[in-house]
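In the working numbering, the protein residues as written are 23 to 100.
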């Protein structure tokens with residue numbers, strides 16, 4: 023039987039825990055915090071044929087529909 027102390031040193035354990043909590047915080051912020059839209063709702067948005075994912079996100083950001091391009095890209099890739 024392998025003991026926990028033999029797997030990771032204290033520094034390695036802390037590094038893994040910090041990384042895990044950072045990823046967990048990122049996912050929480052991206053998926054579970056409110057994204058408020060200040061404008062008139064609902065808002066119509068057209069996506070043209072052949073438009074790339076990055077172009078769609080840029081247009082959403084420029085029009086103020088999404089507050090952050092990075093979070094939208096991360097959510098779209100998942």
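Here a beta-carbon is modelled for each residue, glycine too, at the ideal position from N, C-alpha and C.
Every value quoted in this text rests on a predicted model; they were computed, and no experiment measured them.
Just how far apart, CA to CA, sit residue 58 and residue 39?
31 angstroms
Is the beta carbon of residue 69 sitting closer than 8 angstroms to the one on residue 95?
no
Mapping DSSP to helix, strand and coil, what is residue 77?
helix
CB-CB under 6 angstroms to residue 24, same chain, minus the five flanking residues each way: which ones, in chain order?
none
What residue range is occupied by the uninterrupted alpha helix (DSSP H) comprising residue 66?
First-last for residue 66: undefined, no H or E at that position.
Of the choices 44, 97 and 61, whose alpha-carbon is the least far from that of residue 75?
97
What span of residues does the alpha helix (DSSP H) with residue 58 cover, start to end?
Premise fails: residue 58 is in no alpha helix (DSSP H) and is neither H nor E.
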